[in-house]
Amino acid sequence: MLPTCATFHDLSCYAKSSLTVVLPVLESMGIETCPLPTALLSTQTDGFDSYYFHDTTSELEGILDSWKHLSLHFDAIYSGFLGSNHQVRLIMQFIAQQRKLGSPLVLVDPVLGDDAALYGPITDAHVEAMRMLVQSADIITPNTTEAALLLGLPYQEQFEEQDALSWACKLALQTGARVAITSVPLSGGYAVACYAEGEQFLVPYSPIDASYPGCGDLFASILLGILLRKHSFQTSVIHAVTYTSLAIERTKQLGRERRLGVSPTLILPDLSLERAR
4 MLPTCATFHD
14 LSCYAKSSLT
24 VVLPVLESMG
34 IETCPLPTAL
44 LSTQTDGFDS
54 YYFHDTTSEL
64 EGILDSWKHL
74 SLHFDAIYSG
84 FLGSNHQVRL
94 IMQFIAQQRK
104 LGSPLVLVDP
114 VLGDDAALYG
124 PITDAHVEAM
134 RMLVQSADII
144 TPNTTEAALL
154 LGLPYQEQFE
164 EQDALSWACK
174 LALQTGARVA
184 ITSVPLSGGY
194 AVACYAEGEQ
204 FLVPYSPIDA
214 SYPGCGDLFA
224 SILLGILLRK
234 HSFQTSVIHA
244 VTYTSLAIER
254 TKQLGRERRL
264 GVSPTLILPD
274 LSLERAR
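When you line the sequence shown up against the numbering used here, it's residues 4 to 280, in that order.
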């Protein structure tokens, strides 16, 4: 039997981010994904002057009610962009229901903002709701902006190594989850700052002169896929960093327009091989 994952995220019909990144990555790693779009967009939002946005909360409610009636159980739950406090409550209820049926591995990517700013539809009340949701998670993968929001701390443009590890530790104590803070700027480059099972560690990586929408989605989905293969948290983070960097490098070599997003297609053969390990 293949592991199954209920996947909550927005769906962009053009350009890569969110579900159009998460689904192919998890499937290539042998994870059966069951997508629940939290919103439907004409394009991903970074780099396009205008776009169509459709909130799918009512559809989400209907699907979750049907799943509850069928007593469907999943091995994992992935939560990404949630467009309202009501959607946050729906996901929290779903997690609680699933934990009555088994022990799903729950990853929450607390999509709130980046570069010291909230994303367009995110409000202060939504940040408060996300602080509640992450307490239901087994793993959280905030960027530094989101980590600051969850902790109620000022955003930092630069970190000392110990400060970054301290933030990861504080988030772990606050949530009870394993923590991977992504894209932490250090004096010598970047790192993912982690805390899990009483241990803290950094996974450094060399900066690439390119950035694309969807990289956080790519990292989180690779991390979850490797964890579902029963690897340790530290090993999983290291591999997720490696494959994410590889995807960025190959996307850059392709000369791909930034707003089209990172291309997961370029590393799917590598991830399929990872599945066999």
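Backbone N, C-alpha and C fix where the C-beta goes; we use that ideal spot for every residue, glycine too.
From a predicted model like this one, the values you see are computed outputs, not experimental measurements.
Contact under 7 Å by Cβ, V91 with P267: Translated into positions along the sequence shown, residue 91 becomes position 88. Translated into positions along the sequence shown, residue 267 becomes position 264. Not a contact, by the Cβ cut-off of 7 Å.
- Message: Spatial neighbours of D168 within its chain, please: C-beta separation below 6 Å, excluding the five flanking residues on both sides.
- Response: On the sequence shown, position 165 is the one that residue 168 refers to. The question names Asp, but residue 168 in the sequence shown is Leu. Excluding positions up to five away in sequence, the list reads A196, Q203.
Item checked: Unbroken stretches of the alpha helix (DSSP H), 4 residues or longer, contained in the segment 160–206 -> List check, alpha helix (DSSP H) in window: 164–178.
ask   = Using a Cβ-Cβ distance under 7 Å, would A18 count as near chain D?
value = The chain inventory of the structure shown lacks chain D, comprising one protein chain alone.
*Considering only residues of the same chain and omitting the five flanking positions on each side of V137, which have a CB-CB separation below 7 Å?*
Taking the sequence shown and counting its residues from 1, one reaches residue 137 at position 134. Excluding residues within five positions, the ones whose Cβ falls inside 7 Å are V111, P113, I143, L153, T178, A180.
Between L108 and A79, is the Cβ-Cβ spacing less than 7 Å?
-> Numbered from its first residue, the sequence shown carries residue 108 at position 105. Numbered from its first residue, the sequence shown carries residue 79 at position 76. In terms of Cβ geometry, L108 and A79 form a close pair [threshold 7 Å].
**Prompt:** So which of C37, S53, G155, Q101 has the shortest CA-CA distance to Y17?
**Reply:** Here residue 17 refers to the residue found at position 14 of the sequence shown. Out of C37, S53, G155, Q101, S53 has the C-alpha closest to the C-alpha of Y17.
Span separating the alpha-carbon of L284 from that of F162 = Given a span of 4 to 280 for the chain in the structure shown, any question on residue 284 remains unanswerable.
* Can you tell me where the beta strand (DSSP E) with A79 in it begins and where it stops? -> For the purposes of this step, residue 79 is taken as residue 76 along the sequence shown, with counting starting at 1. Residues 79–82.
Exercise for review: Specify the secondary structure class of V109 as computed by DSSP and reduced to three states.
Suggested key: Start at 1 with the first residue of the sequence shown, and residue 109 comes out as number 106. V109 falls in the strand class under three-state DSSP.
Requested in this report: Give me the Cα-Cα distance between L221 and T247, rounded to the nearest whole angstrom.
Outcome: If you number the sequence shown from 1, residue 221 lands on position 218. If you number the sequence shown from 1, residue 247 lands on position 244. If you take the alpha carbons of L221 and T247, they lie about 6 Å apart.
#### Entry: Whole-angstrom distance between S15 and T23, CA atom to CA atom
Position 20 of the sequence shown, counted from the first residue, corresponds to residue 23. Position 12 of the sequence shown, counted from the first residue, corresponds to residue 15. Those two C-alpha atoms are separated by around 7 Å.
Check your understanding: By Cβ distance, which residues of its chain are closer than 7 Å to S239, with the 5 residues on each side in sequence left out?
Key -> Numbered from its first residue, the sequence shown carries residue 239 at position 236. If we look at S239 and ignore the five residues flanking it on each side, its Cβ neighbours are L226, I229, L230.
Identify every run of the alpha helix (DSSP H) within the segment 10–49, keeping only runs that are complete inside it and at least 4 residues long; order them along the chain. Qualifying alpha helix (DSSP H) stretches, in chain order: 22–31.
Same chain only: Cβ atoms within 8 Å of S214, ignoring 5 sequence neighbours per side | Working through the sequence shown from its first residue, we reach residue 214 at position 211. For S214, where only same-chain residues beyond five positions count, the Cβ hits under 8 Å are I251, R261.
* Just confirm the distance between the C-beta atoms of F97 and C8, as a whole number of angstroms; I'd bet it's less than 8 Å. => In the sequence shown, counting from the first residue as 1, residue 97 sits at position 94. In the sequence shown, counting from the first residue as 1, residue 8 sits at position 5. No, F97 and C8 are not in contact; Cβ-Cβ is about 13 Å, not under 8 Å.
Checklist entry - Under the three-state reduction of DSSP, which class applies to L85: helix, strand or coil? => result Within the sequence shown, the letter at position 82 stands for residue 85. Correct three-state label for L85: coil.
### Backbone secondary structure at T247 - three-state DSSP
Numbered from 1 along the sequence shown, position 244 holds the residue referred to as residue 247. Here T247 sits in helix by DSSP.
- Consult DSSP for L121 and reduce its assignment to one of helix, strand or coil. For this step, residue 121 is matched to residue 118 along the sequence shown. Correct three-state label for L121: strand.
Tell me, which residues are paired with C8 by DSSP?
-> Your numbering for residue 8 matches position 5 in the sequence shown. Looking at the DSSP assignment, C8 forms a beta bridge with T36, A79.
Original post:
Around the Cβ of M32, are there at least 16 other Cβ atoms within 10 angstroms (buried) or fewer (exposed)?
Top reply: Along the sequence shown, one-based indexing puts residue 32 at 29. Of the residues assessed, M32 falls on the buried side of the cut-off, its CB having 16 or more other CB atoms within 10 angstroms.
Subject >> Test item: CB-CB of S20 and P145 under 7 Å >> reply: Translated into positions along the sequence shown, residue 20 becomes position 17. Translated into positions along the sequence shown, residue 145 becomes position 142. Contact flag unset, no.
Comparing C-alpha positions only, which one of S209, D117, D141, A99 sits nearest to L67?
Taking the sequence shown and counting its residues from 1, one reaches residue 67 at position 64. Of the residues S209, D117, D141, A99, the one whose Cα lies closest to the Cα of L67 is A99.
Determine the extent of the alpha helix (DSSP H) in which H129 is found, giving its start and end residues.
Mapped onto the sequence shown, residue 129 falls at position 126. For H129, the enclosing alpha helix (DSSP H) covers residues 127–136.
Report task. Using 10 angstroms around the beta-carbon of A150, count the other beta-carbons present and answer buried if the total reaches 16, otherwise exposed. Result -> To locate residue 150, count along the sequence shown from 1; it is residue 147. Counting of Cβ neighbours within 10 angstroms places A150 among the buried residues, the total reaching 16 or more.
Start and end residues, alpha helix (DSSP H) containing F222: By 1-based counting over the sequence shown, the position of residue 222 is 219. In the DSSP annotation of this structure, the continuous segment of the alpha helix (DSSP H) that includes F222 starts and ends at 218–230.
Tell me the DSSP bridge mates of Y208? Here residue 208 is taken as the residue at index 205 of the sequence shown, counted from 1. Partner(s): Y193.
Output the distance between the C-alpha atoms of A128 and G155, rounded to the nearest integer angstrom. Here residue 128 corresponds to residue number 125 of the sequence shown, with the count starting at 1. Here residue 155 corresponds to residue number 152 of the sequence shown, with the count starting at 1. Taking the straight line joining both Cα atoms gives about 13 Å.
Q) Once you ignore the five residues that flank P210 on each side, which residues in its own chain have a CB closer than 7 Å to its CB? A) Stepping through the sequence shown from its first residue, residue 210 is reached at position 207. Around P210: G192, Y193.
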